[in-house]
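So the mapping is simple: the numbering used here equals the position in the sequence shown, first residue as 1, plus 13.
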Amino acid sequence: MAVRGIAKPRCVWISAVSSFSSGCKWGVLGAVSLLFTLTVGRWQARDSLPPALDPLPQDPQIQVYFNQVQSDTYRDAYRDIERYGDDLEHQIIAVIEQARVSIDVAVHELNLPGIAQALRERSQAGVAVRVILEDTYSRSWSQFTPTDLADLDGRDRTKYEDFLQLTDGDGDGQLSPDELSQRDALYILQQAQIPILDDTADGSKGSGLMHHKFMVVDGRYVVTGSANWTLSGIHGDLDNPDSRGNTNHIIVLDSVPVARIFQQEFTYLWGDGPGGAPDSLFGLGKPYRPAQTVSLPGSILTVQFSPTSSSRPWTQSGNGLIDQILRTATQQVSLALFVFSDQPLSDTLAARSEAGVEVSALIDPSFVYRGYSEALDMLGLAMPDHRCQYEANNRPWPSPILTVGTAELPPGDKLHHKFAVIDSNIVISGSQNWSQAANQLNDENLVVIHNPTVAAHFQREFDRLYNLGEVGITPELQVRLQKQRRKCNL
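In structure tokens form, the structure reads like this:
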């Protein structure tokens, strides 16, 4: 396949670690501006940033947006930074502003005051607004007592400090009612008397994770994708001007049949709402529903919700649907995943690679080299865990590839996508990570879109990340392997 890019990722071959043939497949590279690949000042904001790439055409009914795309720029109002990317918050608000009857939101985490203010405005205009959150994030930080705060672990302590920085507008160390009403997203919703519930509404202590990131408006519009509705998930860390947010995307769908499918999921989760009977259905309490397919002009779209009980055949699950789509690949598969740890999917990709399909994968740096990561399988490697044991049923590829690794991102940002592009025609997206936990425990949605116009957007995003990538058996991976093998006397 002809080279389509102008820069190559760092592809490293270290013969001391393994013995398969070196080389990288460069056919998946995309055109990316040198502005974004300079090693010095790459992430620096500028007073004026011209779009580096021409925008791609959008499908009328399925529009996609990426927070680090180079075909658009916007000013991040929270940090007053001009930066590359689609303003995902603006796109979400634009859909909210269309509402005349109802808005139903099911999102893992929400802390963006702009979105909360838009929901408040629609509620005050008479629109019925309902919100479902993950129980871990359903309580405003402003409601935490000193005892609660003292019990926070390191990660939650950081989240609390981020909240203070965002909310304390005058920096006096006190949160005034005015500051809360303008900057505390959950406080804004509560003061507007917008009903909120979480995954303890079924009488439990919470499902695996309420990991959805979707909204249904007027029974017609659906927003879904990989992005949590947070500052770090969309714009970037408040105290880090180099941060551009976790790499994420949203999909905006205009389809009554698709909205009906998502509305049913929301109805199961909502039950009779806050304060009523514990009749909400989360996790495995929901009835199983097989994948549902809708035909749109120029598109075929399939939706499936998780979790699926382990008592059912794996092929009937969300990951089973992913597997079914991967098996259709004849030319190319491009993966951009936060985590990849489900062995059967790796096995299917190995078979497609053996059949001549070009397989390339980028996984978040925090997961790519863990012992259970399928990236190691794809590289033909196995790494013992902290107990010096190998993953059960682990199967390193007999014919490894070197087009697997991670993308170099601004400090603190994560590769948070959960997408695959197959043969430049099919996209797998949604909230579902490619893991057993997502498949069998979490409330998730999975969307498969057959549409070359949509696929072109996702392929461009993959190519951008790949050009910033470090793939193959890297020095970091070699050090990790050698360290763990010495520890385990292997």
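Think of the CB as a built atom: it goes at the ideal place given N, C-alpha and C, for glycine as much as any other residue.
Excluding its 5 nearest sequence neighbours in each direction, residue 111 has C-beta neighbours in its own chain below 8 Å: 230, 231, 234, listed in chain order. The Cβ atoms of residue 105 and residue 254 lie no closer than 8 Å to each other. For residue 350, the enclosing beta strand (DSSP E) has its first and last residue at 345-350. Taking residue 87 as the centre and dropping the five residues before and after it, the same chain places the C-beta of 95, 96, 98, 99, 100, 103 closer than 8 Å to its C-beta, in chain order.
Take the alpha-carbon of residue 478 and the one of residue 490: they are about 19 Å apart.
The residues 342, 343, 344, 345, in chain order, have a CB closer than 7 Å to that of residue 436 in the same chain once the five nearest residues on each side in sequence are set aside. C-alpha of residue 487 to C-alpha of residue 313: approximately 39 Å in a straight line.
Along the length of the region 262-324, whole alpha helix (DSSP H) runs at least 4 residues long occupy 269-283, reported in chain order.
In the assembly as shown, residue 156 is an exposed residue. Its beta-carbon has fewer than 16 other beta-carbons within 10 Å. Around the beta carbon of residue 456, 16 or more other beta carbons sit within 10 angstroms, so the residue counts as buried. Between the alpha carbons of residue 339 and residue 118 lies a gap of roughly 30 Å. Ranked by Cα distance from residue 357, the first of 430, 453, 140, 328 is 328. Residue state for residue 483 is assigned as strand, using DSSP reduced to three classes. Restricting attention to beta strand (DSSP E) runs no shorter than 3 residues, the region 73-97 encloses them at 75-79, 86-89, 94-97, ordered along the chain. DSSP, read as helix, strand or coil, puts residue 242 in strand.
No Cβ-Cβ contact shorter than 8 Å links residue 399 with residue 226. The criterion of a C-beta distance shorter than 8 Å is satisfied by residue 453 and residue 321.
In this structure residue 115 is not in contact with residue 264, their Cβ atoms being roughly 20 Å apart against a cut-off of 8 Å. Closest by C-alpha distance to residue 422, out of 295, 188, 257, 202, is 257. Scanning its chain for C-beta atoms nearer than 6 Å, with the 5 sequence neighbours on each side dropped, one finds around residue 129 the residues 198, 201, 202, in chain order.
In the three-state reduction of the DSSP assignment, residue 427 falls in the coil class. With fewer than 16 other Cβ atoms from the protein chains shown falling within 10 Å of its own Cβ, residue 166 counts as exposed.
When the Cα atoms are used, residue 333 and residue 461 turn out to be separated by approximately 12 Å.
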